[in-house]
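A short write-up of the structure that comes next.
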């Protein structure tokens, strides 16, 4: 069985210095775009950068000779990103990680391959409902999105 958290944590890139990968064992924190809560009281959007591992087990057989990250991996890593954001939030720090209850939206618009670097933007839309946008890390701004995932979690 694949442990998404291990693969996600191992390839997080420190978002405070976009060009510097983390040292082995170090963990990047989710970086809020602003410290102020949104008008509706939810946490501000948060950004994480991640590099797709070449040896990612999800790639086995998907597709030999031209590996592509499958949608299930993007959903799994979106969930890991939301958990990381909740770990960094003063309101939810120290709580048991949330359960994934549903995936109301999963749109995949571009191919993601090994060694690609992406930026994930996590936004809490409602209590327990998160949107995670994926874009290529060095094309932020004018970039087309790779994926958009909405997750319903237990807190």
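Residue numbers (this note's numbering): 75 to 229.
Think of the CB as a built atom: it goes at the ideal place given N, C-alpha and C, for glycine as much as any other residue.
Just curious, the beta strand (DSSP E) that residue i is in, first and last residue?
i: residue 85; result: Residue 85 -> no beta strand (DSSP E), and no H or E assigned at all.
i: residue 237; result: Past the edges of the chain, shown from 75 to 229, lies residue 237, and the structure says nothing about it.
With a threshold of 16 other CB atoms inside 10 Å of the CB of residue i, please say whether the residue is buried or exposed.
i: residue 246; result: Past the boundaries of the shown model lies residue 246; the chain is included only from 75 to 229, so the question cannot be answered.
i: residue 209; result: buried
i: residue 227; result: buried
i: residue 77; result: exposed
i: residue 243; result: Outside the shown range of the chain (75 to 229) lies residue 243, about which nothing can therefore be said.
i: residue 218; result: exposed
i: residue 229; result: exposed
i: residue 120; result: buried
From residue i to residue j, what does the alpha carbon distance come to, in whole angstroms?
i: residue 184; j: residue 169; result: 35 Å
i: residue 139; j: residue 190; result: 16 Å
i: residue 188; j: residue 82; result: 13 Å
i: residue 134; j: residue 203; result: 31 Å
i: residue 182; j: residue 165; result: 31 Å
Taking the DSSP output, what are the residues bridged to residue i?
i: residue 81; result: BP columns for residue 81 are empty, so no partner.
Contiguous beta strand (DSSP E) assignments of at least 3 residues, all confined to the segment 107 to 189: 120 to 125 and 174 to 182
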